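S.K.: This structure is in structure tokens; I'll ask about it shortly.
Protein chains: 2
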Amino acid sequence: MTEAELKSASELTRERLIAAAREVFSQNGFQGATVREICRRAEANVAAVNYHFGGKDGLLAEVLNFAPLKALQAANATTSACPRERLQLFIHDFIHMLLDEQHASLQCQIMARELADPTPALDQIVRDAVAPLHEFLGNLLREIGGKSLSEAQLRRSVYSILGQCMFYRNSHPVLLRLNPKLRYDHREINAIAAHIGEFSLAGIAHLAQAD
Amino acid sequence: MTEAELKSASELTRERLIAAAREVFSQNGFQGATVREICRRAEANVAAVNYHFGGKDGLLAEVLNFAPLKALQAANATTSACPRERLQLFIHDFIHMLLDEQHASLQCQIMARELADPTPALDQIVRDAVAPLHEFLGNLLREIGGKSLSEAQLRRSVYSILGQCMFYRNSHPVLLRLNPKLRYDHREINAIAAHIGEFSLAGIAHLAQAD
DNA sequence: TTTACTTTCAAACAGTCGTTTGATACGCTT
DNA sequence: AAGCGTATCAAACGACTGTTTGAAAGTAAA
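Protein sequences appear in the order of chains A and B.
Note that our numbering has the first sequence beginning at 2, numbered continuously upward.
Note that our numbering has the second sequence beginning at 2, numbered continuously upward.
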């Protein structure tokens, strides 16, 4: 923003609250997060959340932002690469979005958490983000697998890819205990993405040729 | 139990509490579950949980039971089937354990929930159930993939399979919204297991031959 | 029946939660 | 400087949470 210095104090606290909420929601989930902790990190009063967002629910809705996920799909659709390369690119970008702690896309990490544990915002998340994502990935796999893939095979292959990606996020606490020196740096993330890409392309190729 | 009529009233309330706790924990997670709701379903007093189990944590530890998961691995290891068939059998049994709502193995569904959201019992779960499971699956994949699979490839292939299986449980709320008529009956569960088996065997075969 | 022990119960406790309140301080126009 | 709408604040509210308490009820041996 070039007009950063024009922002009112009110806008600044709003943004501090959103930033803090992204941290706390992504770390503790919606249920586990407390507005007091969010306000403490934002150096704001406890009442600020209700004043600016109408409540904890309103803050969650404001915090969710599907733009990075949309941008990922848009960028992917406009490349000139072949479908198989586009799948590997998608997996690469998606895994980065889910795991990379530096490159803050906490919004998607929050979303990933809420998928398993319904919150007031789950319907919105599914409608605006998850459904389009599944459709996008389905279309991409259709290009790769051709017409020999049944609708059920296509749908389940989408699940297989998303399941592999989400595993690293959802099971992070477990993987850390199994392998304490695990770190999601760029090298590790790229290796994970490459693995899922190869593994899945082989799986799809097999399904497409089998019948 | 043949000595059911011999059980004291105290033992009966203990068992009612455990059964109720399995339901509530598997539906709402450990955080979301309340001892009052558990006691209400068990038709017991609120203080019963503390009297019999020392607290909510103690009840969780008592509720967790890894016997079904161990039995699955033991049965799998003693078949005379080839490694590829054993993998498909494992996936079939594992998916059934995670998804089948009739055949009550709520213990494993509770465990699956807690993997993403650390609770006081996570260390115990990882040590006694998850680590042996990963090792078991790793050994099985080693038999299938041979020596050409690197340790990293082997480990990530284990993650790929578990990730695909867990996806159907962790993303159940989402999948229900995407496809309201989805039901995890035996036909659907068998189809899911067959898909993951084929998909994964192709992926492993590709990794094993690629280098 | 008396005794000693275990189990249940209603009630309350101490703490945290999200939210509300009414007063105070601020930024702005007039 | 006065006035006005906005934003912040400490404090409290009511509704939960897991847990504790002490009395009542039940159980079984002496």
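Ideal Cβ positions, reconstructed from N, Cα and C, are used throughout, including at glycine.
If you're wondering where the values come from, they're calculated on a predicted model, not measured in any experiment.
Would you identify the three-state DSSP class for Gln32 of chain A, choosing helix, strand or coil?
M.R.: helix
S.K.: With a cut-off of 8 Å, do at least 3 Cβ pairs link the region 155–162 of chain B to the region 190–205 of chain A?
M.R.: yes
S.K.: Which residue's Cα is closest to the Cα of Asn180 of chain B: A:His135, A:Leu177, A:Ser201?
M.R.: A:His135
S.K.: Helix, strand or coil for Arg42 of chain B per DSSP?
M.R.: The DSSP-derived three-state label of Arg42 of chain B is helix.
S.K.: Determine the chain A residues that contact Asn77 of chain B at a beta-carbon separation under 8 Å, and present them in chain order.
M.R.: None at all; the shortest Cβ gap to chain A is about 21 Å.
S.K.: Can you confirm whether the region 22–40 of chain B touches the region 78–92 of chain B when touching is taken to mean that 3 or more C-beta pairs between the two stretches lie within less than 8 Å?
M.R.: no
S.K.: Name, please, each residue of chain B whose Cβ falls closer than 8 Å to the Cβ of Ile193 of chain A.
M.R.: Arg157
S.K.: Measure the alpha-carbon distance for Ala62 of chain A versus Ala82 of chain B and round it to whole angstroms.
M.R.: 52 Å
S.K.: Measure the beta-carbon distance from Leu142 of chain A to Ile205 of chain A and round it to whole angstroms, keeping in mind my assumption that it falls under 8 Å.
M.R.: 6 Å
S.K.: Is it the case that the Cβ atoms of Pro174 of chain A and Pro174 of chain B are separated by a distance below 8 Å?
M.R.: no
S.K.: Do you know offhand how far Met2 of chain A's Cα is from Leu18 of chain B's?
M.R.: Confidence in Met2 of chain A is poor, its pLDDT being 35 and thus under 50, which makes the residue's placement unreliable; the coordinate value appears in the next sentence. Whole-angstrom Cα-Cα distance: 57 Å.
S.K.: Candidates A:Phe137, A:Leu60, A:Gly147: which alpha carbon is nearest Gln108 of chain A's?
M.R.: A:Leu60
S.K.: What is the DSSP secondary structure of Tyr185 of chain A, counted as helix, strand or coil?
M.R.: coil
S.K.: With a threshold of 7 Å on Cβ separation, who are the neighbours of Ile145 of chain B within its own chain once the five nearest residues in sequence on each side are excluded?
M.R.: Pro84, Arg85, Leu88, Ile205
S.K.: Can you round the beta-carbon distance between Leu208 of chain A and Glu199 of chain B to whole angstroms, since I take them to be within the 8 Å contact cut?
M.R.: 7 Å
S.K.: Please identify, using Cβ separations under 9 Å, the residues of the region 163–180 of chain B that lie next to chain A, in order along the chain.
M.R.: Leu163, Gly164, Gln165, Cys166, Met167, Phe168, Tyr169, Arg170, Asn171, Ser172, His173, Pro174, Val175, Leu176, Arg178, Leu179, Asn180
S.K.: Within 8 Å of any Cβ in chain A, is that where the Cβ of Pro133 of chain B sits?
M.R.: No, no contact with chain A.
S.K.: Is Arg41 of chain B near Val127 of chain A, with beta carbons less than 8 Å apart?
M.R.: Taking 8 Å as the Cβ cut-off, Arg41 of chain B and Val127 of chain A do not qualify as a contacting pair.
S.K.: Straight-line CA distance for Leu183 of chain A to Val36 of chain B?
M.R.: 36 Å
S.K.: Where in the region 117–154 of chain A do unbroken runs of the alpha helix (DSSP H), each at least 4 residues long, occur, reported from the N-terminal end onward?
M.R.: 123–126, 132–146
S.K.: Out of curiosity, what's the CA-to-CA distance linking Ile162 of chain B and Gln165 of chain A?
M.R.: 8 Å
S.K.: Give me the Cβ distance between Ala113 of chain B and Arg23 of chain B, rounded to the nearest whole Å; I'm assuming they're in contact under 8 Å.
M.R.: Not quite, the Cβ-Cβ distance comes to about 13 Å (not below 8 Å), so this is no contact.
S.K.: According to the Cβ coordinates, are Ala117 of chain A and Ala117 of chain B closer than 8 Å?
M.R.: yes
S.K.: Which residue from A:Gln32, A:Gln103, A:Ala122, A:Met167 puts its Cα closest to that of Tyr1 of chain A?
M.R.: Any answer about residue 1 of chain A is impossible in this case: the structure gives chain A only from 2 up to 212.
S.K.: Looking at the C-beta of Gln32 of chain A, does it have a partner C-beta in chain B at a distance below 8 Å?
M.R.: yes
S.K.: Taking C-beta to C-beta, are Phe168 of chain A and Met167 of chain B nearer than 8 Å?
M.R.: yes
S.K.: Work out the CA separation of Asp94 of chain A and Ile197 of chain B for me, nearest whole Å.
M.R.: 24 Å
S.K.: Can you list, in chain order, the residues of its chain whose CB lies under 6 Å from that of Gln74 of chain B, leaving out five sequence neighbours each side?
M.R.: Phe137
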